[in-house]
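Worksheet for the structure shown next.
Residue numbers (my numbering): 77 to 245.
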């Protein structure tokens with residue numbers, strides 16, 4: 077049978093992380109924003125095409141489609157940005173990216189697996205540019221982990237009924 081088609085819902089972001097403003101922390105649990113720097117688009121919106129590319133690059137899927145689309149698929153990936161921030165809690169400062177991913181059988185709506193991914197990468201400088209560069213590296217690392225998670229989850233364990241080729245249109 078064919079490899080499954082993966083549908084990716086548009087990524088969501090937790091409250092406080094759903095705008096173009098770049099967040100930083102100087103103390104735990106207090107979010108502040110850089111006054112003169114922002115993302116070109118909200119990070120959740122920028123993440124969608126990156127997820128598609130990372131999952132297509134695995135070669136494990138018949139197709140990878142960012143929703144909304146008229147395409148149908150066998151599995152769906154839901155993601156939520158839990159944290160994307162430049163942390164000044166030590167030296168060097170660090171960018172932290174945390175993403176929750178849930179893989180769902182699109183026909184039965186059964187959760188096949190879920191996981192939180194967290195990467196913290198040292199910044200090249202204690203300014204927005206250094207934080208953005210580190211954030212890009214953290215996002216790339218998480219994208220690879222998400223791709224590996226999806227492939228491994230669909231391959232399943234010996235006791236799992238979900239395997240590649242077990243889906244049909």
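Glycine included, each C-beta is placed from N, C-alpha and C at the ideal position.
Confirm, please, whether the CB-CB distance from residue j to residue i is below 9 angstroms.
{"i": "residue 189", "j": "residue 225", "result": "yes"}
{"i": "residue 97", "j": "residue 114", "result": "yes"}
{"i": "residue 153", "j": "residue 84", "result": "yes"}
{"i": "residue 155", "j": "residue 213", "result": "no"}
{"i": "residue 99", "j": "residue 160", "result": "yes"}
{"i": "residue 179", "j": "residue 229", "result": "yes"}
{"i": "residue 177", "j": "residue 186", "result": "no"}
{"i": "residue 107", "j": "residue 215", "result": "no"}
Helix, strand or coil, according to DSSP, for residue i in the structure here?
{"i": "residue 181", "result": "strand"}
{"i": "residue 225", "result": "helix"}
{"i": "residue 86", "result": "coil"}
{"i": "residue 100", "result": "strand"}
{"i": "residue 91", "result": "coil"}
{"i": "residue 244", "result": "Because residue 244 sits at a pLDDT of 42, beneath the cut-off of 50, its placement in the model cannot be relied upon, and the point is left open."}
{"i": "residue 189", "result": "strand"}
{"i": "residue 232", "result": "coil"}
{"i": "residue 201", "result": "coil"}
{"i": "residue 237", "result": "With a pLDDT of only 41 at residue 237, under 50, the local geometry of the prediction cannot be trusted, and the value read off the model is given with reservation. Coil."}
Going by the DSSP bridge assignment, what does residue i pair with across the sheet?
{"i": "residue 195", "result": "173"}
{"i": "residue 81", "result": "139"}
Given 8 angstroms, three or more beta-carbon pairs between the stretch 202-209 and the stretch 172-189
Judged by Cβ distances under 8 angstroms, the stretch 202-209 makes no contact with the stretch 172-189, as fewer than three pairs qualify.
Using 8 angstroms as the threshold, is the stretch 112-124 in touch with the stretch 88-100, meaning 3 or more CB pairs across them?
Yes, they touch.
Unbroken alpha helix (DSSP H) runs of length 4 or more, entirely within the stretch 107-175: which are they?
When DSSP assignments are scanned along the stretch 107-175, the uninterrupted stretches of alpha helix (DSSP H) that are 4 or more residues long and fall wholly within it turn out to be 119-132.
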